[in-house]
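Chains as they are written, first to last, in my numbering: chain H, 1 to 269; chain W, 1 to 294. Positions of the beta carbon are idealized from the N, C-alpha and C atoms, including for glycine.
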Amino acid sequence: MSKLTAAQRVKLARTPGRPGTLDFVQHLFTDVFVCKGDRLGREDPSIFGAVARFHGRPVTVLGHRKGRTFEENMKCNFGMPSPDGYRKAQRLMRQAEKFGRPIITFIDTPGAYPGLEAEAGGQGEAIASCLALMSGLTVPVIAVVIGEGGSGGALALAVGNRVIMLENAVYSVLSPEGFASILWKDAGRAEEAAGVMKLTAADLLKLGVADQVIPEPEEGAHTDPEVVYAAVDRAIVRHLSQLEKERDLAAQRYQKFRAMGAVREETEA
Amino acid sequence: MQPLFRSRRDRLDRLRRQREEAVEAAARREAAAHGGSQTCPGCGAECSNQELVKTEYVCPHCGYHLPIGAYLRLSLLLDPFSFRELWPELTAPNALDFPGYEGKLAAQREKTALSDAAVAAVGKLDGHQGVFAVLDSRFFMGSMGVAVGEKITRAAEYARKHRLPLIIFSASGGARMQEGILSLMQMAKTSAAIERFSKAGGLYISVFTHPTTGGVTASFASLGDITLAEPGALIGFAGPRVIQQTIGQELPQGFQRAEYLEDHGFVDQIVPRGEMRKTLSQLLALHRKGVFHR
Chain H
1 MSKLTAAQRV KLARTPGRPG TLDFVQHLFT DVFVCKGDRL GREDPSIFGA
51 VARFHGRPVT VLGHRKGRTF EENMKCNFGM PSPDGYRKAQ RLMRQAEKFG
101 RPIITFIDTP GAYPGLEAEA GGQGEAIASC LALMSGLTVP VIAVVIGEGG
151 SGGALALAVG NRVIMLENAV YSVLSPEGFA SILWKDAGRA EEAAGVMKLT
201 AADLLKLGVA DQVIPEPEEG AHTDPEVVYA AVDRAIVRHL SQLEKERDLA
251 AQRYQKFRAM GAVREETEA
Chain W
1 MQPLFRSRRD RLDRLRRQRE EAVEAAARRE AAAHGGSQTC PGCGAECSNQ
51 ELVKTEYVCP HCGYHLPIGA YLRLSLLLDP FSFRELWPEL TAPNALDFPG
101 YEGKLAAQRE KTALSDAAVA AVGKLDGHQG VFAVLDSRFF MGSMGVAVGE
151 KITRAAEYAR KHRLPLIIFS ASGGARMQEG ILSLMQMAKT SAAIERFSKA
201 GGLYISVFTH PTTGGVTASF ASLGDITLAE PGALIGFAGP RVIQQTIGQE
251 LPQGFQRAEY LEDHGFVDQI VPRGEMRKTL SQLLALHRKG VFHR
């Protein structure tokens, strides 16, 4: 693996032209049927949803969508979902559960949208309900962090039995800019923040948040995406076949997240 | 044999006195930390602590609900002598080796006498046994790191195991930044525990108090069967400053306040502090036979 700094990886994870959810969908799945709408009156293009085949087997695919052109960026709100997007995701997860389809999610968002309408629509409730719903699913769930894993907006689609990260993807409680601005009142110290936040794939593997890191070409995934698609494909195949042997997938997922973060209980001297 | 209480009425009177004493004792501790009086953030009036003790820290002039600590909150709710704290020594290490975090934690502990930002207890409210968890905004703004996440998770698991209702009072700035990604993971952990509890048929009442934002709003606090809020409480996912920066304009009056959430369908009822105990008692009684439906 390359020896980049955390800040350099943050930059790579955000590089325009880096393979996004739609690229992975196009290269890993066949028979893709796009599903839109939350059935509550809204459609949020920043969350992609589809039923498709993965190596012949029907699966549900969900992922954040940033858009490739400026026009698409605007339409997808630069990959920052509104509550409607999370409610669409919930609808499609329930559907996957009903039909026994594994769920594959692609994570690539700066975070859930912090705006007036999003708050009025219950951004917090929408994310919370995604977390609760995902935690109890009995079908296999595999989350792949392909770019930016920004905060609760990323986690809402990432409560998986397995969490896979691309080498230069990042996953954090907040963007380094937001982190620096909250802790040091200075968004300009984002690079320094990236350094202490433990947000790289290697850090998260060590912390037990990620289960596998998929290496990227030296200059990043966008320089030779075919290699990355093939590696992600192999990883999903391998994890799916492991998970199929699991007796209770909801229990496995519960224990996985239950174990995150060690605690102490002795009285301090 | 000498009966301990002459009648049921005497016993109730005595319990009421004990409760009042417990409230006053907790309030005196709170008052000692604040000095003789406080300026109401709502109207700017100077309120003596003596006065505030009687009103349960609600401004007598404008009705503003001042933030109160976790133990004071519990003393306002629980029947005398029914309180048993759960996992009081629970803390989390500096798992990410975040520079300066240990020192900050020590200072917060010194200041508040809390081990971290959540207190959990089993106790009785008006005779109804339940599991109670309260976030304390004085400790690191009530932010959720591993210790808070673990305590909320254990509270839900305990309630599930003992088939008790769960009542959580939230007050939080969101995720604990210094614990980074592990803080984020507490959102998934706590939500999963609430979901399990819910699937087992357990009753969960979530109460939003001022202020509750970020990762706590986007996890367990938004998953109640019944959702209540204190008047005027700021409740949101993104903080008002972040939203203002994003949209580049002034936020409307009352935005993200409890009343706004009620109007938008995210809160069942707004309950003033003085009526909270009565309301919770009513809800617990309504669910009594069906505390567990499965």
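**OP:** Measure the C-alpha to C-alpha separation of arginine 91(H) and aspartate 38(H) and round it to an integer number of angstroms.
**Re:** Translated into positions along the first sequence, residue 91(H) becomes position 91. Translated into positions along the first sequence, residue 38(H) becomes position 38. Distance between the alpha carbons of arginine 91(H) and aspartate 38(H): 7 Å.
Subject >> Where threonine 60(H) sits in the DSSP three-state scheme >> reply: Looking up residue 60(H) in the first sequence gives position 60. Threonine 60(H): strand per DSSP, three-state reduction.
**OP:** Measure from the C-beta of glycine 152(H) to each C-beta in chain W and report whether the shortest distance is under 8 Å.
**Re:** Reading the first sequence from its first residue, position 152 is the one you call residue 152(H). For glycine 152(H), the answer is yes, since a Cβ of chain W falls inside 8 Å of its Cβ.
Original post:
Which runs of the beta strand (DSSP E) fall wholly inside the stretch 111 to 179 of chain W and span at least 3 residues, in chain order?
Top reply: 118 to 125, 128 to 135 and 166 to 172
Original post:
Can you pull the DSSP bridge partners for cysteine 47(W)?
Top reply: As a position in the second sequence, residue 47(W) is number 47, starting the count at 1. BP columns for cysteine 47(W) point to Gln38(W).
**OP:** Identify the contact partners of methionine 260(H) in chain W, using a Cβ-Cβ distance below 7 Å as the criterion.
**Re:** One-based indexing of the first sequence puts residue 260(H) at position 260. Per Cβ cutoff of 7 Å: Leu182, Met185 and Lys189.
**OP:** Determine contact between the stretch 272 to 290 of chain W and the stretch 210 to 221 of chain W, defined as no fewer than three beta-carbon pairs at a distance below 8 Å.
**Re:** no
Subject >> Against chain W: residues of the stretch 228 to 249 of chain H by CB proximity under 9 Å >> reply: none
Original post:
If methionine 196(H) sits next to phenylalanine 98(W), beta carbons under 8 Å apart, how far is it from one beta carbon to the other, in whole angstroms?
Top reply: Counting from one through the first sequence, the residue named residue 196(H) turns up at place 196. Counting from one through the second sequence, the residue named residue 98(W) turns up at place 98. Here residue 196(H) is valine; the residue named in the question, methionine, does not match the sequence. Their Cβ separation, rounded to whole angstroms, is 6 Å, which keeps valine 196(H) and phenylalanine 98(W) in contact under 8 Å.
Original post:
Hey, alanine 193(W) and threonine 153(W): beta-carbon distance below 8 Å or not?
Top reply: To locate residue 193(W), count along the second sequence from 1; it is residue 193. To locate residue 153(W), count along the second sequence from 1; it is residue 153. It is a contact, given that the beta carbons lie within the stated cut-off.
Original post:
Which chain H residues sit within Cβ distance under 8 Å of methionine 177(W)?
Top reply: Taking the second sequence and counting its residues from 1, one reaches residue 177(W) at position 177. The contacting residues are Val173, Leu174, Phe179, Ile182 and Leu183.
Original post:
By how many angstroms is the C-alpha of leucine 125(W) removed from the C-alpha of valine 144(H)?
Top reply: As a first step, residue 144(H) must be located in the first sequence, where it is residue number 144. As a first step, residue 125(W) must be located in the second sequence, where it is residue number 125. If I take the Cα positions, the gap works out to 46 Å.
Original post:
When the cut-off is 8 Å and only beta carbons count, does glutamine 26(H) lie next to chain W?
Top reply: If you number the first sequence from 1, residue 26(H) lands on position 26. Cβ-Cβ to chain W under 8 Å: no for glutamine 26(H).
Original post:
Looking at the structure shown, is valine 139(H) part of a helix, part of a strand, or coil, going by DSSP?
Top reply: Working through the first sequence from its first residue, we reach residue 139(H) at position 139. Valine 139(H): coil per DSSP, three-state reduction.
Subject >> Whole-Å CB distance - leucine 234(W) paired with histidine 264(W), under 8 Å assumed >> reply: Numbered from its first residue, the second sequence carries residue 234(W) at position 234. Numbered from its first residue, the second sequence carries residue 264(W) at position 264. At roughly 14 Å, the Cβ-Cβ gap does not stay under 8 Å, so leucine 234(W) and histidine 264(W) are not in contact.
Subject >> Buried/exposed call for methionine 1(W), threshold 16 Cβ in 10 Å >> reply: Position 1 of the second sequence, counted from the first residue, corresponds to residue 1(W). Note that methionine 1(W) scores 43 on pLDDT, short of 50, meaning its location in the model is unreliable; the coordinates nonetheless yield the value given after this. By the 10 Å Cβ count, methionine 1(W) comes out exposed.
**OP:** Tell me where the alpha helix (DSSP H) around glutamate 226(H) begins and ends.
**Re:** As a first step, residue 226(H) is located in the first sequence; it is residue number 226 there, counting from the start. It spans 225 to 244 - the alpha helix (DSSP H) in which glutamate 226(H) sits, taken as one unbroken run.
Subject >> alanine 218(W) at chain H interface by Cβ criterion, 8 Å >> reply: For this step, residue 218(W) is matched to residue 218 along the second sequence. Yes, because at least one Cβ of chain H sits closer than 8 Å to the Cβ of alanine 218(W).
Original post:
In whole angstroms, what separates the C-alpha of glutamate 226(H) from that of lysine 104(W)?
Top reply: Locating residue 226(H) in the first sequence gives position 226, counting from the first residue. Locating residue 104(W) in the second sequence gives position 104, counting from the first residue. Answer to the nearest angstrom: the Cα atoms are 47 Å apart.
Original post:
Grouping DSSP H, G and I as helix and E and B as strand, with all else coil, what is tyrosine 171(H)?
Top reply: The residue labelled residue 171(H) in the question sits at position 171 within the first sequence. Three-state result, tyrosine 171(H): strand.
**OP:** Decide if alanine 269(H) is buried, meaning its Cβ has at least 16 other Cβ atoms within 10 Å, or exposed.
**Re:** As a working mapping, residue 269(H) is identified with position 269 in the first sequence. With a pLDDT of 43 at alanine 269(H), under the threshold of 50, the modelled position of this residue cannot be trusted; read the value that follows with caution. That one is exposed.
Subject >> For proline 60(W) and cysteine 43(W), believed in contact at Cβ under 8 Å, the rounded distance >> reply: In the second sequence, the residue the question calls residue 43(W) occupies position 43. In the second sequence, the residue the question calls residue 60(W) occupies position 60. That belief does not hold up - the Cβ atoms of cysteine 43(W) and proline 60(W) are roughly 10 Å apart, past 8 Å.
Original post:
Should the stretch 180 to 198 of chain W be regarded as contacting the stretch 170 to 177 of chain H, the criterion being three or more beta carbon pairs within less than 8 Å?
Top reply: yes
Original post:
Can you list, in chain order, the residues of the stretch 242 to 265 of chain W whose Cβ is nearer than 7 Å to any Cβ on chain H?
Top reply: Val242, Ile243, Thr246, Ile247, Gln256 and His264
**OP:** Report all residues from its chain with a CB closer than 8 Å to the CB of alanine 118(H); omit the five preceding and five following residues, and keep chain order.
**Re:** For the purposes of this step, residue 118(H) is taken as the residue at position 118 of the first sequence. Within the same chain, alanine 118(H) has close Cβ partners Ser82, Pro83 and Ala112.
Original post:
Fully enclosed by the stretch 176 to 231 of chain H, which alpha helix (DSSP H) runs are 4 residues long or longer?
Top reply: 176 to 184, 190 to 196 and 201 to 206
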